Each structure stands twice: as structure tokens, then as C-alpha cells.
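Note sheet for the following structure.
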Amino acid sequence: MTETILECAGVNRYFGALAAVNGLSFQVERGQLFGIAGPNGAGKTTLFNLLSGHVPASSGTIRFKGEEIQGLPPHRICHRGLARTFQIPQVFGSGTIEENVLVGAYFGRRERLPAFGFDRETRSRADRALEMTGLGAHRRAPAHLASVFDKKRLMMASALATEPDLLMLDEPFGGLNHGEIDDLIALIRRLHGAGLTILLIEHVMRALMALSERVLIMHHGEELAEGTPDEIRRNSHVIQVYLGRTAGVA
Amino acid sequence: MTARPEELTQTTPSPAAPVAGAPVATGVSVRSAGLDRTVLALAVGAALVAPWILHTPYWLNLLVLICIYATVNQSWNLIMGFAGIWSFGQLALFGVGAYTSALLTYHYGVSPFLGTAAGAVAAVLASMVLGLPSLRLRGAYVVLLTLAFHELLRNLITNDTTKWSGGGFGLFGFGQYGLAGLPQTDRMMVFYYAALVLLVLTNLIIWRILKSPLGLAFRALRDAEPYAVARGIPEYRFKLLVFAISAFFTGLAGAFYANFLDAVGPSIFDFGLMMNLLAMIVIGGWGTFWGPIVGTILLLYLNEALRDIDEWRVLIFGLLMILFVILLPQGLIRPLESVADRLGDRIGRRGERAPSGGTTG
Ligand SMILES: Nc1ncnc2c1ncn2[C@@H]1O[C@H](COP(=O)(O)OP(=O)(O)O)[C@@H](O)[C@H]1O
Ligand SMILES: [Mg+2]
Chain A
917 MTETILECAG VNRYFGALAA VNGLSFQVER GQLFGIAGPN GAGKTTLFNL LSGHVPASSG
977 TIRFKGEEIQ GLPPHRICHR GLARTFQIPQ VFGSGTIEEN VLVGAYFGRR ERLPAFGFDR
1037 ETRSRADRAL EMTGLGAHRR APAHLASVFD KKRLMMASAL ATEPDLLMLD EPFGGLNHGE
1097 IDDLIALIRR LHGAGLTILL IEHVMRALMA LSERVLIMHH GEELAEGTPD EIRRNSHVIQ
1157 VYLGRTAGVA
Chain B
3 MTARPEELTQ TTPSPAAPVA GAPVATGVSV RSAGLDRTVL ALAVGAALVA PWILHTPYWL
63 NLLVLICIYA TVNQSWNLIM GFAGIWSFGQ LALFGVGAYT SALLTYHYGV SPFLGTAAGA
123 VAAVLASMVL GLPSLRLRGA YVVLLTLAFH ELLRNLITND TTKWSGGGFG LFGFGQYGLA
183 GLPQTDRMMV FYYAALVLLV LTNLIIWRIL KSPLGLAFRA LRDAEPYAVA RGIPEYRFKL
243 LVFAISAFFT GLAGAFYANF LDAVGPSIFD FGLMMNLLAM IVIGGWGTFW GPIVGTILLL
303 YLNEALRDID EWRVLIFGLL MILFVILLPQ GLIRPLESVA DRLGDRIGRR GERAPSGGTT
363 G
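If you want it as C-alpha cells, here you go:
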């Protein structure tokens, strides 16, 4: 029995004459690990910005847990259970690692009038997210000094602290070394194994193909192909346009 | 509210770190709470004793002004240093507080105490008029719109031919909270301790806010707005809120100032004054808690000490501000803090050593 958690229908986004996302339709089932790949400039990040509310869609509908969310501001989309990371690491640099995660834990669940302190529930949500991502030992370190790997895990930790239904990761492996990539793959597997739905944009095809249950390949803002990793590997269109240029896919 | 898309793919520089490569200002001090408490106790102790040492109307006047401007500067620092909103409407809101209380008392015989409270409320309302359109904007546009608001108020009052607002001459003889009959020094002492209460209360509340989830939200929005909103922070509402909080204390200080001087006039909107306040914050260290307070004390003192060279002072403060922006963008407070930290460490170590030799005796 499957339940569709995210459903895009005819989603468009124009920047002037450029169709960065062009008539995109796809759906993600609850518990799925759904991968998105495509060449640079294919519109992957723009798609994330549409889903998270950072950039409004020009047209089309986006349904999350059965309700339309296009047009909602980002903080409300977060409250509904959709949390994302950013391709270029963004952290709240003047805060500690722990404070970064507390932001997600405190503000990420619902609209609330801030009190003077953090309640136990918020703190334990933040602690769980820190432990899950392996950042517990660094909690007092200032975030702006964190390594790229730690910043990426930190974005994930603060996202997890909101206890999302859907986690969206924008090229989490970019700029990491092999050991870090393996660690991150293991972390994503653990989260997925615990039942979390994950939408993953990735350039590193090795990781994407290994992790994803379904893959969407984008090109010029459009869908080039969609299917299981095996189907994608065999798709002649994809091989021509995309995979042919990426060495060592197999 | 949607972010400009290009901001989503680029990390936006924090306003607290205007120079590339400069370390990001840590919001609230991360040093030991014990040291903070020691510094606080020393500061409050010094503030309580100061008027008995500097017991002349001249010095007392300066001390009152320090309290008032430090209140205004800390409120400005809350918006600009901690929340990262480039508002230049601060002095205008100070003026709204001053004029509201002056007009109510002068024309309608309202109690000056009620008038002072009304000044704070009026500044909050004015900050909403200013914030509703400008807080949807960003960066330079916020500067332009808030400066326009400042100029609008200044012009309205300067060109008021009905004389209701006092026009270019201002209004006199409404204030002093009924203390006008006291001998000058006694009166100044009362004003000083009242101003100190204003300063301490404002700073305690702002300190508390900065340590709370709300303060964390303000800094998160400043450091990385797309990230902050993606973690559930309602950007626009919180920016309005920080505007209102800051305006409340600013308006209160303005109303107190009008009653203290027993006068208001359009010189309150003087551009040179705005630059001086900015210099106090920048030289002290914006985005730090103690910076604006230290900067205010230092520059107001220098302003008096350099009285003989008069108009050169503005130039000197301007140059100082430029030097600080380039050489010490974190302000004076960073080096001062590291000295305090080292002292704190030394005292702490001595404190640890002492019991081992003395407790058994
Ligand atoms: N804010 C913007 N303004 C104009 N063009 C944009 C903007 N954001 C993205 N684009 C363009 O949209 C296209 C898709 O970009 P992006 O979504 O970042 O691609 P990807 O993440 O797949 O590399 C690119 O051609 C990019 O230049
Ligand atoms: Mg991208």
C-alpha cells in the first residue's frame, strides 16, 4: 500500500524567456528515496526552490500530503513537514552547531510566539538530530568554522530537527572526499531505513544510482526520463544526453 | 515572502562581517557567564558611583546623555547589528517619541509621565508604518526608504507654518517631570538615576531577548535568510517584531530626552547626530552586546574633551569610523574582551589554587 506524499503537475518556472523548469510532472511515494539528476543548469535547484517556496512557480500545482502548497511562504511549507538543504552550504554562522539545530527544532514545527527559553522537547529534538548526524561532539563549535562536510551534515541536522515528512537534499555529496561520501551515503541509508521520504538531487551518479529507488533525469527544465536506476541506465536518451558524458557510471 | 533567487545559490555576507574574510561576529558573547556577571556588576557599580564623583551639573548632564544615547544605540544595534536590517529610521523614531510627549504635554496638558509612555507607543506605531513597506525590501532599499522617512519627518516639522509643532524653533518649557523647582545638581542627580534605570532596563530586556529563541531567529535571518526561513522562521513577522521592540525603547528614550532638555526642535533630526550615533556603534562594535555602550561612553566623552576644536570633531569621528571599519570591523569591544578574558582566566586560576592551600586552615 503506497501513499503519494508529493505530486507535481505541470510545474513551470520562467526566468524571463528561460524556462528553468518546464512542464514537470512526477510523484513521490511516502518512504521512497527519489533521485533527481541532470546536467548543470537543468533546473534541479530551481525545482527545489519551487517546492520549498523560496521561488514561486509560474504555473502548475504542487501537492504535498494531499494539499496544494504552491504559493505558500517557505516557513509555512517547513511547518507542513517539508525540509530542504542547500547546494551551497548555508549555515547560521554566528551561532554554534547546537544553536543551528535548535532553530529547526524550535521554529520548524509550527507557528509559535517565542518564549524566553528552549523547552525540553525542543532540546531533545535537537539532541536527537545532532546524534543522528554525528555532530553531537561538536555542538559547542561555531558554525562558521565548520568544514564543508560538517556544514552539510549541519543543514541535514537542522532539517531533521523539524521532524520532516520529506527531506530534500540538494547535491549533498558535492565537494566531499571519498570517505565523507561513504559516511554520508550511510547516513542517508539510515534515515531512509527509518522510514523517511527523501528527495535527492545529485551529480555524483555512483551515489545517486546506489541510493535511489526511482530516478528522474532533468534536461533543460524538462523530464528526460523517469524510472528505476536500471531503467535509467538502459535508457538510450539518457545515455546520449547525460550519462554518455559522465564517466564511470556503470 | 520570497527571497531573491540569486540569494539561494549564494551565501549572503553577514552585515556583521562587512569585510571579506573578517570573522563573523558571534552574536551574544560565548564567554563564561561568570565573567559576564562580573563585568555587569562592575559596570552597574561604576554607574551608581559615577554621579557622586562627577558631581557637577556639567558632568551630570554628560552622564544623562550617555544613558539616553546608549539606550538609543543599543536599540539600533538590535535591528542593525543583530537582526541585520539596515534601518536608518532610528533617529526619526527617537524624534517621534520626543515630539509626541512634548506635544501632548505642551498643548494638551497631559502628564509628562503619561506623555513619555505615549512617546514610546507612538514610536512603535511609527515603526510599523515604516516597517510594513520597508521590511519587504532588502539591503540598500531599506536604507533609502528609512532615510526618506527620516527626511519626511524633518521636513514636515521644519516647514510647519502653523507653529503647532514649533516649526524650526521647537517647543520649550513643558518638561522636567515637575522637578524644575529642585536645585540644579539635585535635579540632575534625579535625572541621572532615572536615565540609568532606562538604560539598564532596556539593556536587560534586549540581553534577555538575544539569549532567547527570538534572538536566535533574528541572528539566523541576518546570517542566512533563505536557510532561516527554510527552518520555519516567519521572516516578515519577526522583522516587524524586532522593529517594534527597538522602537519602543527608542521612543521612550526620545520622550525622556525631550523632558530632560525641556525642549524639542528639528535639530533632533540632525544628520550629523545620526552619523555620530552610527560612529559610536561601529567604533564600539556593532553586533556585539557591550560595543554600543562602550562606544557611546567613549565618543560622548571625546566629544566633550575635544570641545575646543569644535567642528573638527565631526571630521575626527568620521575618520575614526572609517579606520575602524577598515582595521577593526568588530569594534573596540573584541580586543577589550580578550583582555577581560585573559584577566578572567588569571583570576580563575588563582581562585582554583587558593582553596588547596587555605581551606583546611
Ligand atoms: N534567479 C535566477 N534568475 C535567472 N535565471 C536563473 C535563476 N536561477 C536559476 N536560473 C537559471 O535557471 C537554469 C537552471 O538553474 P538551476 O536550477 O540552478 O540548475 P541546476 O541546479 O540543475 O544546475 C539555469 O540556466 C540558471 O542560470
Ligand atoms: Mg543546482
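Residue numbers (our numbering), protein chains in the order written: chain A, 917 to 1166; chain B, 3 to 363.
Every residue gets a Cβ at the ideal spot worked out from N, C-alpha and C, and that includes glycine.
All values derive from a computational prediction rather than experimental measurement.
| query | result |
| --- | --- |
| Are any of the Cβ atoms in chain A nearer than 8 angstroms to that of residue 246 of chain B? | no |
| Quick check: residue 245 of chain B and residue 77 of chain B, are their CB atoms within less than 8 angstroms of each other? | no |
| Less than 8 angstroms separating the beta-carbons of residue 148 of chain B and residue 96 of chain B? | no |
| Specify the secondary structure class of residue 107 of chain B as computed by DSSP and reduced to three states. | helix |
| For residue 210 of chain B, count the other beta carbons within 10 Å of its own beta carbon; 16 or more makes it buried, fewer makes it exposed. Which is it? | exposed |
| Under 8 angstroms, Cβ to Cβ, is there at least one residue of chain B near residue 937 of chain A? | no |
| Give the DSSP bridge partners of residue 1086 of chain A, in chain order. | A/1117 |
| Can you confirm whether the region 287-300 of chain B touches the region 263-273 of chain B when touching is taken to mean that 3 or more C-beta pairs between the two stretches lie within less than 8 angstroms? | no |
| Please classify residue 75 of chain B as buried or exposed, where buried requires at least 16 other C-beta atoms within 10 Å of its C-beta. | buried |
| Can you give me the Cβ contacts of residue 1079 of chain A inside the same chain, cut-off strictly under 8 angstroms, excluding the 5 residues immediately before and after it? | 997, 1024, 1025, 1041 |
| Please decide whether residue 1014 of chain A counts as near chain B, where near means a Cβ-Cβ distance under 8 angstroms. | no |
| Please state whether DSSP places residue 1007 of chain A in a helix, a strand or coil. | coil |
| Among A/978, A/1009, A/1123, which residue has its Cα nearest to the Cα of residue 1095 of chain A? | A/1123 |
| Compare the beta carbon distance of residue 1090 of chain A and residue 1003 of chain A with 8 angstroms and say whether it is the shorter of the two. | yes |
| Excluding sequence positions up to five away, which residues of its chain have a Cβ less than 6 angstroms from the Cβ of residue 963 of chain A? | 937 |
| Determine which residues share a DSSP beta bridge with residue 1139 of chain A and list them. | A/1134 |
| Taking 8 angstroms as the cut-off, decide whether the C-beta atoms of residue 1183 of chain A and residue 953 of chain A are in contact. | Because chain A is modelled from 917 through 1166, residue 1183 of chain A falls outside the range shown and cannot be assessed. |
| Is residue 956 of chain A near ligand 1, judged by its Cβ being under 7 angstroms from some heavy atom? | yes |
| Using a Cβ cut-off of 7 angstroms, which residues of the region 71-87 of chain B contact any Cβ in chain A, in chain order? | none |
| Alpha helix (DSSP H) containing residue 237 of chain B: first to last residue? | 237-263 |
| Say whether chain A places a C-beta atom closer than 8 angstroms to the C-beta of residue 23 of chain B. | Its pLDDT being 34, under 50, residue 23 of chain B is placed unreliably by the model, and the measurement read from it follows with that caveat. Judged by the 8 angstroms Cβ criterion, residue 23 of chain B is not in contact with chain A. |
| Measuring only from the beta carbon, is residue 1006 of chain A closer than 7 angstroms to any heavy atom that is part of ligand 2? | no |
| Return the CA-CA distance between residue 125 of chain B and residue 324 of chain B, expressed in angstroms with no decimal places. | 31 angstroms |
| For ligand 1, I want to know if residue 1124 of chain A counts as a neighbour, meaning its beta carbon is within less than 7 angstroms of at least one of the ligand's heavy atoms. | no |
| Please classify residue 102 of chain B as buried or exposed, where buried requires at least 16 other C-beta atoms within 10 Å of its C-beta. | buried |
| DSSP three-state call for residue 214 of chain B: helix, strand or coil? | coil |
| Assuming contact is defined by CB atoms lying nearer than 8 angstroms, are residue 122 of chain B and residue 254 of chain B in contact in what I supplied? | yes |
| How close, in whole Å, do the beta carbons of residue 966 of chain A and residue 1014 of chain A come, if the pair is a contact with beta carbons under 8 angstroms? | The pair is not a contact, with the Cβ atoms about 31 angstroms apart (cut-off 8 angstroms). |
| Under a Cβ-count criterion, where at least 16 other Cβ atoms within 10 Å of its own Cβ denotes burial, should residue 1086 of chain A be classed as buried or exposed? | buried |
| So what's residue 971 of chain A in DSSP terms, helix, strand or just coil? | coil |
| DSSP three-state label for residue 309 of chain B, please. | helix |
| Just reading off the beta strand (DSSP E) that residue 935 of chain A is part of, what are its end residues? | 934-945 |
| If you check the beta carbons only, do residue 972 of chain A and residue 959 of chain A fall under 8 angstroms apart? | no |
| Check each residue of the region 1033-1061 of chain A: if its Cβ is closer than 7 angstroms to any Cβ of chain B, include it; give the result in chain order. | 1033, 1034, 1058, 1060 |
| Please classify residue 55 of chain B: is it buried, with 16 or more other beta-carbons within 10 angstroms of its beta-carbon, or exposed? | exposed |
| Who are the neighbours of residue 1022 of chain A on chain B, taking C-beta pairs under 7 angstroms? | 215 |
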